[in-house]
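For reference, the structure discussed in these notes is given below.
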Amino acid sequence: GIRRIAEGIAETHEMSAEVTIKLGYPVTVNDAPSADFALDIAKAVNGDKNVAHMPNPVMGAEDFSYVLEKVPGAMLFLGGTPQGKDPRTAPPNHSNRVMFEEDAMTTGMALYSALALRTLGLTLS
């Protein structure tokens, strides 16, 4: 398994390897001020009607929870369902049948750029 592979690669380079397997992830919980900050920026970039607050928890395993254990932050979801498709019935992101609205990448880049700039105290001109 993974231990044998890690030890084999390490041995090839005259090193050693130690493998620790932790099952599951911590719960991903947004920091409230960070979530509010992100929501405000998302509305400023995309308009109020194109932003939704998700008040109910969403189940899922996400390694971002390890980041949030160390620093305040917020996990955001970027919609990418093609126009004319119902996101509730469209194939999920990890499906081999998934289709993305490519314009969502532009939206995401604008949002994450604005978040980074505002975090640094800068603005787009």
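Using this note's numbering, read the sequence shown as starting at 255 and increasing by one per residue. Each residue gets a CB set at the ideal place from its N, CA and C atoms; glycine is no exception.
Counted within 10 angstroms of its Cβ, other Cβ atoms place residue i as buried (16 or more) or exposed
i: residue 368; result: buried
i: residue 292; result: buried
i: residue 263; result: exposed
i: residue 322; result: buried
i: residue 259; result: exposed
Host alpha helix (DSSP H) of residue i (start-end)
i: residue 367; result: 357-373
i: residue 290; result: 286-300
i: residue 403; result: With the chain covering only 255 through 379, there is no way to say anything about residue 403.
i: residue 258; result: 256-266
9 Å Cβ cutoff, residue i in contact with chain D
i: residue 354; result: Absent from the structure is chain D; it holds one protein chain and no more.
Spell out a yes or no on whether the stretch 328-336 and the stretch 259-276 are touching, meaning 3 or more CB-CB pairs, one atom from each, closer than 8 Å. Two segments are said to touch when three or more pairs of C-beta atoms, one from each, lie closer than 8 Å; by this definition the stretch 328-336 does not touch the stretch 259-276.
Using a Cβ distance threshold of 8 Å, determine whether the stretch 271-291 contacts the stretch 310-329, with at least three qualifying pairs required. A contact exists between the stretch 271-291 and the stretch 310-329.
Mind the definition here: the stretch 299-308 touches the stretch 358-374 only if three or more C-beta pairs lie below 8 Å; say whether that holds. Yes, since at least three Cβ pairs between the stretch 299-308 and the stretch 358-374 fall closer than 8 Å, the two stretches touch.
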